[in-house]
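**Student:** Residue numbers (our numbering): 384 to 620.
C-beta atoms are modelled at their ideal positions from N, C-alpha and C, and glycine is treated no differently.
Everything numeric in this text was worked out from a predicted model, so none of it was measured.
Dropping a structure here in C-alpha cells format, bear with me for questions.
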C-alpha cells in the first residue's frame, strides 16, 4: 500500500566496508584486536576507548552492537563460548565491520551475525580461533570477505568441510512520517489482506482506508489514537 507521502532518503548512504577486525578477550591482556584488515586501521588507542563495548558484559552477548565514532562506525556481534578448556572457562570474541561514520550499516547486520556464527562453529569444531596466535588464515578470510562484499555484495567462505554463504541484502529506506492530511491508498485489492496477519489496532483501522479518508478522519472514525493510526499506515507502506 502507499500514501501520498514521497519516499524518504536514507539517514545515511550505503558505503563500503573500510575494515574488518577480530577482537578477543585475552585472559591476561584483556580485550585486544588479534587480526584486522587492513593492518592497524583501528589504532590501539581507539580500540582501548571502546573495548568495553567490543567485548561487553554477558547481557550484551549475541546482540548487534553499533558504535559511532567521529570518523567511523563499528558494527559487531559479540560471542561467548563456554567451555572448561579455556582460561576463565570461556572464549570471548567479536568480529566487527568498520564503515564511515555517516554510512548506513543496518544491511550488514545479518552478515556480521552469520559470519560470527561460522567462526564460532569453526572454533567449536577445531579451535580455529584459539589454537594458535598465528592468524594468517583468519586474515585471508577477512580480506576475502571485505573485497567480495564491497565488489559483489556476496561471498562464499570455505574452511575444511564447512562453508558459509554471505550476502548483503539491500533494505528499503524507511518511509517519511505520516501526516494528518495524507490519504492512504491501497495498491492491491484490500480483500487480499488477511485480518489475522495484522495486530488488533491495524485490523481496526483497515476498514476506514478507502482512498478518500485522510489520516485524521480515519483516527476519528476508527476511534483510534491519532499517532497509532500514523504508525499503522507507516507499517503498511
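For residue 394, I'd like the list of residues in its chain whose CB is within less than 7 Å of its CB, leaving aside the five on either flank, ordered along the chain.
**Tutor:** The sequence position of residue 394 within the chain shown is 11, counting from 1. Reliability of the predicted coordinates at residue 394 is poor, the pLDDT of 48 falling under 50, and no value is obtained from them.
**Student:** Mapping the DSSP letters down to three states, classify residue 390 as helix, strand or coil.
**Tutor:** For the purposes of this step, residue 390 is identified with residue 7 of the chain shown, where counting begins at 1. Note that residue 390 has pLDDT 29, beneath the 50 cutoff, so the model's placement of it is unreliable and the number below is only indicative. The answer is coil: DSSP assigns residue 390 none of H, G, I, E or B.
**Student:** Using DSSP bridges, identify the partner residues of residue 465.
**Tutor:** The residue labelled residue 465 in the question sits at position 82 within the chain shown. DSSP lists 473 as partners of residue 465.
**Student:** If you compare alpha carbons, which of 534, 398, 519 and 549 is closest to residue 499?
**Tutor:** By 1-based counting over the chain shown, the position of residue 499 is 116. Considering only alpha carbons, the answer is 549.
**Student:** Identify, in the order they occur along the chain, each residue of the same chain with its Cβ nearer than 6 Å to the Cβ of residue 462, setting aside the five sequence neighbours on each side.
**Tutor:** Position 79 of the chain shown holds residue 462. For residue 462, where only same-chain residues beyond five positions count, the Cβ hits under 6 Å are 476, 499 and 503.
**Student:** Where residue 485 and residue 397 are concerned, what is the direct C-alpha to C-alpha distance, given to the nearest angstrom?
**Tutor:** One-based indexing of the chain shown puts residue 485 at position 102. One-based indexing of the chain shown puts residue 397 at position 14. Their Cα atoms are separated by approximately 9 Å.
**Student:** For the beta strand (DSSP E) that contains residue 519, what are its first and last residues?
**Tutor:** As a first step, residue 519 is located in the chain shown; it is residue number 136 there, counting from the start. Counting along the chain, residue 519 falls outside any beta strand (DSSP E), though it belongs to the alpha helix (DSSP H) covering 519 to 535.
**Student:** Excluding the 5 residues flanking residue 408 on each side, which residues of the same chain have their C-beta closer than 6 Å to its C-beta?
**Tutor:** As a working mapping, residue 408 is identified with position 25 in the chain shown. Around residue 408: 414, 438 and 475.
**Student:** In this structure, how does DSSP classify residue 488 when only helix, strand and coil are distinguished?
**Tutor:** Locating residue 488 in the chain shown gives position 105, where the first residue counts as 1. Residue 488 falls in the coil class under three-state DSSP.
**Student:** Is it right to say residue 385 is buried, meaning 16 or more other beta carbons lie within 10 angstroms of its own, or is it exposed?
**Tutor:** Taking the chain shown and counting its residues from 1, one reaches residue 385 at position 2. Confidence at residue 385 is low in this model, with a pLDDT of 40, below 50, so its placement is unreliable and no value can be given for it.
**Student:** Can you tell me whether residue 406 is buried or exposed? The criterion is at least 16 other CB atoms within 10 Å of its CB, across all chains shown.
**Tutor:** In the chain shown, the residue the question calls residue 406 occupies position 23. Burial call: buried.
**Student:** Going by CA-CA distance only, name the one from 603, 613, 443 and 481 that's closest to residue 558.
**Tutor:** Here residue 558 is taken as the residue at index 175 of the chain shown, counted from 1. That would be 613, whose Cα lies nearest to the Cα of residue 558.
**Student:** For the putative contact between residue 566 and residue 595, defined by C-beta atoms under 8 Å, what is the C-beta separation to the nearest angstrom?
**Tutor:** Residue 566 sits at position 183 when you count from the first residue of the chain shown. Residue 595 sits at position 212 when you count from the first residue of the chain shown. Right, their Cβ atoms sit about 7 Å apart.
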